[in-house]
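Structure, as structure tokens:
Protein chains in written order, with the numbering used here: chain A, 450 to 786; chain B, 450 to 786; chain C, 450 to 786; chain D, 450 to 786.
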């Protein structure tokens, strides 16, 4: 069971509550967040009844743990959450397109990409500076230099930046530049990193792990929100299955299921979701038709020269053409780009 | 390697060809089809060069087996195939909606469903008479009586019928009534059944197996087409993954990948693909946005009373509302319902 | 719910029972088997209470359908089943090794294989005559000629034969020769074939489908046993996962789980389970260590020349060496080869 | 391509080499390790020929990147690696059993467990102090207090300790106590953590990710070894599949495949691999039969009271009985406990 304390709880009230819990043979665990503190209870043989705890002094709510996530659920907050990213609302009536290269590779490349996607109507710029790579021998990004280049392009185009943070050590550097912090699929259950971004107020784009269930994705989001950062955007990016013709299997079901279960915005990454250039557009359209609040698409000025993910990147012309198609789908579901 | 014989090949030409193959230490296997015969060659240690076989008398083509499917591929036939089902074209500019109950349960139920989906704009009626069931103790369909009821509704509404054929023994009975023969997911690699429907000319709706790769689906279609029945429609219906919040994982990637690799029409089954009523509509829209030539949707007058698949069936009102949404998506991709 | 009738039930008793069911607004479905008949009940909104049916005239038992399999379960029959295959007991204290080529390719090949595996201590000969193949252009077996060759080798070596039956059409031919009828993975849910072998008394080796859950495997076995054929042997042969270094993922967990849930013998197919020659031996040992009642192994006199599955076949020398290793493992778990 | 520098390379040699690479239009990336530095090359359109680089001053080797792992491969080092953990050799002729509770919960519990498994013949003690948990509301371990208790039990029993390190922040605390640092499945691709343990010399137990391929596991190990820590032990702990009767699917194939491809020791975690108490023993036996160098088993004095993983924990009596069975299997494959 989880006891959520009121923001104005006193130290004495909290101490009294923990005493009470211990006196019943249970173990209290304080879970401090920036906005509020909660007390988890363990040591109970079966389910606990939350009723007797709800009216105690300093207590905001008591939650049965049979619900493994709560703060991110629609039951808890029926209204759709809109996350503001440097003035761009995500989760509102407009469908947001984020685009840019997988990795920042050079000043020329990222400027060219930024200008191109901006002209085509993208609302945010994506680009990786710190790249987690499967092999230690692969290109791992331009790091701080990459962040500086992204900031340059933002200054020029006005596009907010989404970029990946791969560990707590480089979080301060990334957080200084990023408007939206991306947690990659491999880090979806890096709980220390989740807690660290939960202690900030910068919006977080949380990608689903390669074999994470939707319930696990929601629990990962709960880690962030329960620390006090409510600005979480969920991202479906394809799961690992037996199919080998595509890089991943984009789980289109995830879009309506997550929208129904959670009030958080949901965006789609069709580039990783299918991993085949010619199919990125159709999958992006599908995601918007299914209710996604946005899409994030890999675009490179010259995909054949890309240091990573070239096979799934669109060039500027292909992206520009796709934008027209996405716009029509958005209108068909009562929204706009 | 596969040698495709000309329709006018003579017995003497075929015999001479088989002799030649044997004289090279290889084994010829005649693969008779209704429209044409092919000769498969085995016993070769590595890849064979098809060139020397192409100009022999009676030979239409020689195909390297490194391509495990051929007749269904876009390379072989770049033009999109349109399959005519009792006057309804599948694979053309119009997106076709097939709808009706999982199982035919009673005269009243199937008439009510038929009238309802017809009024809402469906172009075909689905309904199961012979039901393959995981447990021997589950309802296995009304069988011949079910087929009769489907024919009644067709007579009333004019909607062509798609219904499942579960084995070769009941194929004659089903083929007498069905306008489109459905091969279910569990039978995708029931090669004897594939060959049997390949010897007919009735259109076939071939559902992807629960853990079949797209390549395997195309090879299963090749079984049917290579027997002489070119009227095959592919159907994505969700694959089995680790996710448990949904019944299956609808593989949206399959739509553009199949359309690119094959000239056959591709339709989507969102009902089985997600298995959760509230998500059927969004997934159906997604499939059309991604390029599907049609969708097949489970509709029941009273889903809560359904003998099978109630949790994923829409009622008539829900289906009618969905049709308006599907129509808008079809227009957004330059098609119509 | 399922009502199992007594073997001596009279037509009048059965009719009265069906009347009673209908009078309660439910639908009776007779499920005839060779040994006994059952009546399935559908049309009930929720779970039915079996109690009121148990004492009716002609009724042997009433079974709540919440248990999707029953006759194959340990609860129903706590004693381990031993299936006799032409004098070879499967499920008893001795671990049975079945070996031979994937496909029967020639007289010389199958005789050489048969003699070799017999000398090495195998107790049964495996070999495919009718081969289901993913592509229509692959070698599909020697068919009737293959069966004749298997019978020749049995006459010479005394080894009983296990061979695959791929459809109901060829079942009579296969059943005339086979001592153990193999149902392949792709046919695990070919219910018509399951029913057909359920109407015989020849032992059946039922392979798990490529993506079948253990529960579904048990329900498939229930199809056979509920028709009156109790001689079913379950076979784990690897499932389909994301891993690409091996052909399948052998599910070692399946061995203890099936042995615990069911009284039927369980054997392992390490050849398909891993699909890499060097790993077949270790996986075979693992299966016996985990409690398997036998293993079935692909052995070919010259694997490099095999028309199918060469990469996973052992040669005679490798198999002979492996037998010594298997024998030690069998002894370590208190059994013998 | 990867250029491995000699330990005695001079700064001038390294600079000259990087100049040469740039002069060819390529980009050098220094990858510093404790024991040696390597230079990765990117920016090449196709595969590079390593030959011209091998004889340059200061170069130890040049490696084509088509091999995504190298230092951990059998080709690189044919001899089996034996990792010494506080005097206990892992990878040698003796099969090592590690046992203990999932989480350290109290002094009494961990002492009781430690004494029990020691008496039964375990060679190492496992126990979690810092616990990564899927939900933020679950028990997350006794942390530093847990480490102190483990050290107490080591002092009493002499058993070396294996315990999980969940992030770089707590690595120093864990490294002070642990004899073998466990990287959990969720952290297999937490590259920052891999690099951090790669900079130490404490042995590392690297668990396979829930949906990691064997190739990815080997690349994760390469991260550690390429930083200079050669003391890596691979651990198969079950993968995520569609099967729901068990917690995971233990990939028995992984044991022989990893042993063949890599010189690193391989151990098995049957507790997580199957997640069902009654099946832990059979799967442990299977792993040893397949060639595992050890097993790690969850044992709790009173599993029904465990705060985590109770359903898969053995009690002391069950573990003691299992040890006798494991010993027989070890002997059957020519080893001993």
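Even glycine gets a Cβ: it sits at the ideal position worked out from N, Cα and C.
Contacts with chain D at 9 Å (Cβ-Cβ) do not include residue 519(C). Secondary structure at residue 577(A): strand, using DSSP grouped into helix, strand and coil. Residue 712(A) is a Cβ neighbour of residue 522(A), given a cutoff of 9 Å.
The CB of residue 657(A) never comes closer than 7 Å to any CB in chain C; the least such distance is about 15 Å. DSSP places residue 709(D) in the uninterrupted alpha helix (DSSP H) bounded by 703 to 710. By the Cβ criterion, the stretch 773 to 782 of chain B is not in contact with the stretch 700 to 716 of chain B, since fewer than three pairs of Cβ atoms, one from each stretch, lie closer than 8 Å. Here residue 537(C) is not near residue 564(C), since their CB atoms are 9 Å or more apart. Between residue 640(D) and residue 756(D), the C-beta spacing is not below 9 Å. With a cut-off of 8 Å on Cβ pairs, the stretch 602 to 610 of chain B is not in contact with the stretch 678 to 693 of chain B, counting fewer than three such pairs.
Residue-level contact by beta carbon fails for residue 699(A) and chain C, as no gap is shorter than 9 Å. When beta bridges are read from the DSSP output, residue 478(D) appears opposite 489(D).
Between the stretch 623 to 631 of chain A and the stretch 644 to 656 of chain A there are three or more C-beta pairs closer than 8 Å, enough to call the two in contact.
In this structure, DSSP gives residue 757(D) a state outside helix and strand, which the three-state scheme calls coil. Residues of chain C with a Cβ closer than 7 Å to the Cβ of residue 747(D) do not exist; the shortest Cβ-Cβ separation is about 16 Å.
Taking a 10 Å sphere around the C-beta of residue 568(C), we find fewer than 16 other C-beta atoms and assign the residue as exposed. Going by beta carbons, residue 694(C) and residue 663(C) fall outside the 9 Å limit.
When DSSP assignments are scanned along the stretch 496 to 571 of chain A, the uninterrupted stretches of alpha helix (DSSP H) that are 4 or more residues long and fall wholly within it turn out to be 500 to 503 and 556 to 569. Here residue 734(C) carries a helix assignment [DSSP, helix/strand/coil]. Listed in chain order, the non-local C-beta contacts of residue 547(D) below 6 Å within the same chain comprise 573, 575, 611 and 745, local neighbours out to five positions each way being set aside. In the DSSP assignment, residue 700(A) is bridged to 700(B).
Using a CB distance cut-off of 9 Å, residue 727(A) counts as an interface residue toward chain B.
Less than 9 Å separates the beta-carbon of residue 577(A) from that of residue 552(A). Residue contact check for residue 662(A) against chain C: no CB pair falls below 9 Å. Annotation for residue 769(C): the continuous alpha helix (DSSP H) segment containing it runs 765 to 781. Listed in chain order, the beta strand (DSSP E) runs fully inside the stretch 635 to 662 of chain C are 653 to 656, counting runs of at least 3 residues. Put simply, the CB of residue 581(C) is far from chain D, with every gap to its CB atoms at 9 Å or more. Chain B places no beta carbon closer than 9 Å to that of residue 671(A), leaving this residue out of the contacts.
Note: residue 744(B) is bridge-paired with 546(B) and 717(B) in the DSSP secondary-structure output.
The beta carbon of residue 497(B) is closer than 6 Å to those of 450 in its chain, skipping five residues each way along the sequence. Ranked by how close their Cα comes to the Cα of residue 765(A), the residues 549(A), 731(A) and 782(A) have 549(A) in first place. For residue 589(D), there is no enclosing alpha helix (DSSP H), since its DSSP letter is neither H nor E. Only 731, 732, 734, 735, 736, 737, 738, 739 and 740 from the stretch 731 to 758 of chain D bring a Cβ to less than 8 Å from some Cβ of chain C.
Ranking 485(D), 581(D) and 531(D) by CA distance to the CA of residue 758(D) puts 581(D) first.
Straight-line measurement puts the Cα of residue 468(A) at about 18 Å from the Cα of residue 500(A).
Residue 645(D) has its alpha-carbon roughly 38 Å from the corresponding atom of residue 780(D). Not flagged as an interface residue toward chain D: residue 769(B), since no C-beta distance is shorter than 9 Å.
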